[in-house]
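Below is one structure; the comments refer to it alone.
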Amino acid sequence: MLTIGRLGRGATRYYAESLRHEDGYDGPAEDAGRWRGRGAARLGLRGAVAPEDLSAVLDGRHPRTDEALLMRRHAKRRAGFDLSLSAPKGVSLLGLLTNGAVRAEVGAAHRSAVHQAIDDLENRAAWVRRGFGGCEYLPADGLVEAVFEHTTSRAQDPQLHAHVLVANVAHGPDGRWSSPDGSAFYAYAITTGYLYEAALRAELTERLGVEWRPVVHGLSEPAAFSRAQLRAFSTRTEQIKEEMAKAGGHSRRSNQVANVRTREPKEHGPERSTIVAAWQIRAEMAGIDLPSITRDFARRRRPKLDHERLRAELTGPSGLRSDGWFDTGAVLRAVAERARAGASVRDVARA
Numbered sequence: 000m001l002t003i004g005r006l007g008r009g010a011t012r013y014y015a016e017s018l019r020h021e022d023g024y025d026g027p028a029e030d031a032g033r034w035r036g037r038g039a040a041r042l043g044l045r046g047a048v049a050p051e052d053l054s055a056v057l058d059g060r061h062p063r064t065d066e067a068l069l070m071r072r073h074a075k076r077r078a079g080f081d082l083s084l085s086a087p088k089g090v091s092l093l094g095l096l097t098n099g100a101v102r103a104e105v106g107a108a109h110r111s112a113v114h115q116a117i118d119d120l121e122n123r124a125a126w127v128r129r130g131f132g133g134c135e136y137l138p139a140d141g142l143v144e145a146v147f148e149h150t151t152s153r154a155q156d157p158q159l160h161a162h163v164l165v166a167n168v169a170h171g172p173d174g175r176w177s178s179p180d181g182s183a184f185y186a187y188a189i190t191t192g193y194l195y196e197a198a199l200r201a202e203l204t205e206r207l208g209v210e211w212r213p214v215v216h217g218l219s220e221p222a223a224f225s226r227a228q229l230r231a232f233s234t235r236t237e238q239i240k241e242e243m244a245k246a247g248g249h250s251r252r253s254n255q256v257a258n259v260r261t262r263e264p265k266e267h268g269p270e271r272s273t274i275v276a277a278w279q280i281r282a283e284m285a286g287i288d289l290p291s292i293t294r295d296f297a298r299r300r301r302p303k304l305d306h307e308r309l310r311a312e313l314t315g316p317s318g319l320r321s322d323g324w325f326d327t328g329a330v331l332r333a334v335a336e337r338a339r340a341g342a343s344v345r346d347v348a349r350a
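Residue 185 in numbering that gives the first Met the number 0 sits at position 186 of the sequence shown; the count goes up by one each step and never skips.
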């Protein structure tokens, strides 16, 4: 799942300061962040994120020369966008309550899926505006992204997720830096979420042989966990559902509003060993037998899309044409949702 938030000027200081502490953004042992995006490479930003470099790009400055990247800057200018990609709860349990090889494979699978999804967003939804009144849209030649991997929710539940900070600067095909068109990110957000989920399923199917429940609205959980077991670790989800019920809303927008209203301030939590010990107790109380679950992971298999069947379904009477109108994003979402065992972003695009 993908959610998007705007980064204000205060967020620049908050994220940069978090890098100066070993306990990171969400708690102990969190990732220090890695640069990604063709725009970052153009600025000489590679590898681990340094606080001063992050501050510079979020402030619209070149991290090496301190020159302004944008021709016009104003006080209300936003620093960028926070794209948050969260793994399904069952995947978080597999990745955070296990040790050794399984934990490493889940982490690598999540990382690969995040990279595939945001690279696709950079290729399909990054635009800059030119001409009188910004009426001309051109494909951006690169975004500047800092990717942070985190493992806990605000409610201290296990939640494997990544924050992708997209700076409000993009390199245009004409060689100029300018702000990217943020509306395109929001328009493509659901598709990016579907692609991340499909890529994650594919990675875990191939790496560990994970079996999946049916895909609903792009989301699926590992079949090894019951719904009651997943709810036992979904404090934030239950908070949001309660808020939505009070407000009488059921739409995706209502979900986003409830998310904001129930959000507690980010604070550094307890020691990681304390958090994990509490998770283990909750897992036992919920009847989760992780050793038994992981023993079944020896049967690895490579997911394959049946492209001919997919095309027949999507072009048939009950396929995309039934809605009368569809775009590239709708096609990608339809393919991703039909890939129960998952598919890489490249395979989804080929279908």
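C-beta atoms are modelled at their ideal positions from N, C-alpha and C, and glycine is treated no differently.
(message) By alpha-carbon positions, which one of Ala-201, Glu-148, Tyr-13 ends up nearest to Leu-95?
(response) Glu-148
(message) For a quick check, are the C-beta atoms of Ala-388 and Val-344 less than 8 Å apart?
(response) The question about residue 388 has no answer here: the residues shown for the chain are numbered 0 through 350.
(request) Could you spell out where the beta strand (DSSP E) holding Val-163 opens and where it closes? (result) 157-170
(request) Note down the Cα distance separating Leu-120 from Gly-59, rounded to an integer number of angstroms. (result) So the alpha carbons of these two residues sit roughly 21 Å apart.
(request) Would you give the residue range spanned by the alpha helix (DSSP H) that Pro-50 belongs to? (result) 50-57 is the extent of the alpha helix (DSSP H) around Pro-50.
(message) Can you tell me whether Ala-342 is buried or exposed? The criterion is at least 16 other CB atoms within 10 Å of its CB, across all chains shown.
(response) buried
(message) Starting from Ser-317, trace the beta strand (DSSP E) in both directions and tell me its first and last residue.
(response) Note, Ser-317: premise wrong, no beta strand (DSSP E); not H, not E.
(request) Grab the span of the beta strand (DSSP E) containing Gly-4 for me, first residue to last. (result) Per DSSP, Gly-4 belongs to the beta strand (DSSP E) from 1-6.
(message) Bridge partners for Glu-121 per DSSP, in chain order?
(response) Residue pairing of Glu-121 in beta bridges, as defined by DSSP: absent, with no partner found.
(request) Give the single residue among Ile-274, Ala-201, Ile-189, Arg-33 whose Cα lies nearest to the Cα of Leu-304. (result) Ala-201
(message) Residues in the same chain with beta-carbon distance under 7 Å from Gly-36, minus the five sequence neighbours each way, listed in chain order, please.
(response) Glu-121, Gly-141, Leu-142, Val-143, Glu-144
(message) In whole angstroms, give me the CA-to-CA distance for Glu-21 and Thr-151.
(response) In this predicted model, Glu-21 has a pLDDT of only 41, less than 50, meaning its place in the structure is not dependable enough to derive any value.
(message) Just to confirm my understanding: we take Val-318, look at its own chain, exclude 5 residues before and 5 after, and list those with CB closer than 7 Å. What are they?
(response) Correcting the residue identity first, residue 318 is Gly in this sequence and not Val. Here the set comprises Glu-312.
(message) Using the three-state DSSP reduction, which class does Gly-79 fall into: helix, strand or coil?
(response) Look at Gly-79 here: in three-state DSSP terms it is strand.
(message) Let me check understanding here. Comparing Cα to Cα, which of Thr-64, Ala-154, Pro-62, Leu-84 lies closest to Trp-278?
(response) If we check each option's Cα against that of Trp-278, Ala-154 comes out closest.
(message) Rounded to the nearest angstrom, what separates Leu-6 and Pro-316 at their Cα positions?
(response) Our two residues, Leu-6 and Pro-316, have alpha carbons roughly 43 Å apart in a direct line.
(request) Could you tell me which of Ala-227, Arg-123, Gly-208, Thr-234 sits nearest to Leu-331, measuring between CA atoms? (result) Arg-123
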